[in-house]
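Inspection log for the structure reproduced underneath, given as structure tokens.
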């Protein structure tokens, strides 16, 4: 990481931290474009029970801001992003909490107004471009359809030129030619540009990109990220970028929400996060990521253990089973988000002690302690 | 596109060959001496020998197969010595009612089955879906002749809405022609409804769960546009396949149903030929239906290419 | 969504140590979860018992004609009435069921076996497979009924030739399903590894691939069972199936046509028996597909 710590925040006293909604309270944006508060998403299982996969998720996205949501696969970042325009099957999904987009309460919108928002004010970019487009329809028609469904009275030529503009915006080299092609005639990178064009063709206020580059080559990845970035810079779109790649976050985002096992565990401005990762999971994640520049460490750290099944989520802190800092107090009761700096909150019961400790050192001690048969003393020693 | 069609045509050749060989060997399995059957029991050995020669039956089997096949490819389906006319002539004078029943039956089946299947897919796993599946299993358990008999009892005898039997040529009275076709066509449609409903449903369920449908949802497309313009178009190829593949059974259904409603079609020709032990005729009809099946399936192949650009392109 | 969020209920330990008894228990649990399979099995069993046991136990007679009781409508003595020759329809429906089920079962067994062998070898040896599949295409180009009629006419009308004809016509359907299922198994890594290690074709086919094909095979054979009953009935109905006076549902329906105006019970009862039986078998097939065939298992 090149970013060196510039401001070191002192830890605020815990009494100030309210419950789960405490995220980014101090963030200075005038009312944010999107505000997610204490979102919980549950899906109906085969035997008609509800299974909660995401809970206590809170974050906000300001005008022209790029928010990164990071976490391992299965941590609920996609579920969260799909929930914003309510893309989950309504029959088998239950949402709780609040999602306010552009002054509207998304969770109580009727289907028609929801549809009017999708593709118009909220653009969505999916993970796998190869399967995201209708294989039997020309690119042009799929794009035009997106315009026409929201602007019924637009002249034919106008619709077409908007699509071509969008393709150009997404970095298409021959947009006219692309319009007449079928998806199978194009490469993955080209298709993702099409998908991006489709998401931005109606100039949405918010763009949600769910791992937009994961399925693509590294070289194309960089190009597409530049495209996304320029959309924000030139058109002022707000973007939610879902990724598991800390490097992408560092390059792209203004703010970050780190998710683990269906919960947001840390939110912070990107510089702050990289300078002072405070949640043990974030610390682990960062020390497991090779630095973008500077000398490479001989070995990257790993987070021991594996992500537990959601059905076996423990009481207390969900990271406790893999956390080198964990003590007895971590394993009981719900852990709330607490503020640890300006616009910086973490979900950690030991947030006061933990936030300055390096992950690897703790891990080594933890391991040593475990080997010596000692119990849960790592925190104190450090 | 043309290369694709040529390729499909070429790939049909082995099937045509096999169909021919099967039909030919069936008629030669019968053991009896066709010449003897034709001239009757009290003819002299010379007379039998003469007929045998005129029919080419004195040739070796492979030579017979060859001539038979060459004739077949010239459209000669054989000669019925019992009816004393070429098989193709007999078929062509009986084909119209049969085809009418089959085509009308197919139309009825598609009109019922496709909306049902699409509807069920949209309510996957709910009561309505299960009801549709149950309905499909029910119609799939009703052979055409049985549903024909039941329809006859209901519509022709209980309610006296439609004629119970017979056939009127369309050139004579088109209204009467249709009226007489309704019950047989409905009867033929039942099994087809089962097949097409199931395929539509499962194919639509697959498509509705696919990523590009989610994209159209995220674009704000209304449900109807998603369903028909995107999902159904993609789902249609397996549906077309199943329609093509069940075409033979549809014709067979029509043949059986004709005997229920006393329609003078190919079915009657078959039944009468069975009674007369007219193997040439039955064999000719069998070949004819099999060839129709092959042609219909070639047409469905062309239809794939019209729908799917990937198939159009992938000529080799 | 992610795999991790699904299927928490399958105890992995039980799956790993599938001893005989736990396998049985799992089968029982699957049955309980699939009412269609359960009901299909129970009803089919009931139909079989009724058709095979009652006529023997009650010394029923399906052949003696009685001109004094022709075309009697259903009554206490003849719950389903009598036919044009004064024979008891209930008796003939039950014995007809016996013939239909026998024909269907034999056909399912024969074409099930042939289809399994042909399908497996067609999947394993591509060249042989090409020939086998073209042969199947050729047979499938004939509608089952037409092929059956001609075959039976040529070989002589008997139950054996009906079974033979149906087996030939329906084998390709089984072979196709087995082949495509086997081909997808062959693409699995472990089979490729086995082939690479030089394991013999026979061993791989019957030890490794066959096991994975069995589920879809059972489902398809169940549907062949139902189809065979349908086609046999249609053949008999045309007068080219099992010879009269053996009672079969098709034969009874053939007889009923002349009397449909004044004795609809002659049509209704054998017709309902046929439809019900085929419905039950199809239901069983659907249920089995739901529980056994992983590709079709609901999400």
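Residue numbers (the UniProt record's numbering), protein chains in the order written: chain A, 1 to 382; chain B, 1 to 316; chain C, 1 to 299.
Glycine included, every Cβ here is placed at the ideal spot set by N, Cα and C.
Close to chain B, meaning a Cβ-Cβ distance shorter than 8 angstroms, is no residue of the stretch 58-84 of chain C at all. Here the stretch 132-152 of chain B makes contact with the stretch 189-197 of chain B; the two share three or more CB pairs at distances below 8 angstroms.
Residue 206/B has a beta carbon lying at 8 angstroms or more from every beta carbon in chain A. A check of alpha carbon separations from residue 290/C across 216/B, 125/B, 282/B identifies 125/B as the nearest.
Residue pairing by DSSP places residue 51/A opposite 43/A in a beta bridge. Under a criterion of Cβ atoms nearer than 7 angstroms, the residues of chain B adjacent to residue 182/A are, in order, 309. Between the C-alpha atoms of residue 276/C and residue 185/B there is a straight-line separation of about 23 angstroms. About 11 angstroms separates the Cβ atoms of residue 136/B and residue 129/B, ruling out a contact at the 8 angstroms cut-off.
If only complete runs of 3 or more residues are kept, the stretch 250-312 of chain B shows no beta strand (DSSP E) anywhere. Look at residue 290/C here: in three-state DSSP terms it is helix. Burial check for residue 62/B: the Cβ neighbour count within 10 Å stays below 16, so the residue is exposed. Within a 10 Å sphere around the beta-carbon of residue 68/A sit 16 or more other beta-carbons, which makes this residue buried. Taking 4 residues as the shortest admissible run, the stretch 5-74 of chain B contains the following complete alpha helix (DSSP H) segments, listed from N- to C-terminal end: 34-39, 45-55, 61-73. Residue pairing by DSSP places residue 209/C opposite no residue, since no beta bridge is assigned to it. Membership of residue 243/A in any alpha helix (DSSP H) is not indicated; the residue belongs instead to the beta strand (DSSP E) covering 238-243.
Counting other Cβ atoms within 10 Å of its Cβ, residue 277/B stays below 16 and is therefore classed as exposed. Contacts with chain B at 8 angstroms (Cβ-Cβ) do not include residue 128/C.
With distances taken between CA atoms, residue 81/A lies nearest to 99/A out of 326/A, 131/A, 99/A. For residue 351/A, the enclosing alpha helix (DSSP H) stretches over residues 351-354. The bridge partners DSSP lists for residue 255/A are 67/A, 269/A. Note on residue 149/B: 16 or more other CB atoms within 10 angstroms of its CB, so buried under the neighbour-count rule.
Within the stretch 153-165 of chain C, the residues whose Cβ lies closer than 8 angstroms to some Cβ of chain B are 153, 154, 155, listed in chain order. In the three-state reduction of the DSSP assignment, residue 126/A falls in the coil class, being assigned neither a helical nor a strand state. Within the stretch 236-266 of chain C, the alpha helix (DSSP H) runs of at least 4 residues that lie entirely inside it are, in chain order, 249-256. In this structure, DSSP gives residue 145/A a helical state, which the three-state scheme calls helix.
In the three-state reduction of the DSSP assignment, residue 60/A falls in the strand class. For residue 148/C and residue 310/B, the gap between their C-alpha atoms comes out near 39 angstroms.
Taking 8 angstroms as the threshold, the shortest C-beta distance from residue 138/C to chain B falls below it. In the structure shown, the three-state DSSP call for residue 197/C is coil. In the three-state reduction of the DSSP assignment, residue 168/C falls in the helix class, which pools H, G and I. Taking 8 angstroms as the cut-off, the beta carbon of residue 119/C is found closer than this to the beta carbon of residue 182/C. Here residue 43/A is buried. Its C-beta has 16 or more other C-beta atoms within 10 Å.
Taking 8 angstroms as the cut-off, the beta carbon of residue 234/B is found no closer than this to the beta carbon of residue 183/A. Neighbourhood of residue 290/B in chain C, by CB distance below 7 angstroms: 141, 142, in chain order.
With contacts defined by Cβ atoms closer than 8 angstroms, residue 119/A and residue 146/A form a contacting pair. When C-beta distances to chain B are compared with 7 angstroms, the residues of the stretch 212-234 of chain C below that value are 230, 233, 234, in chain order.
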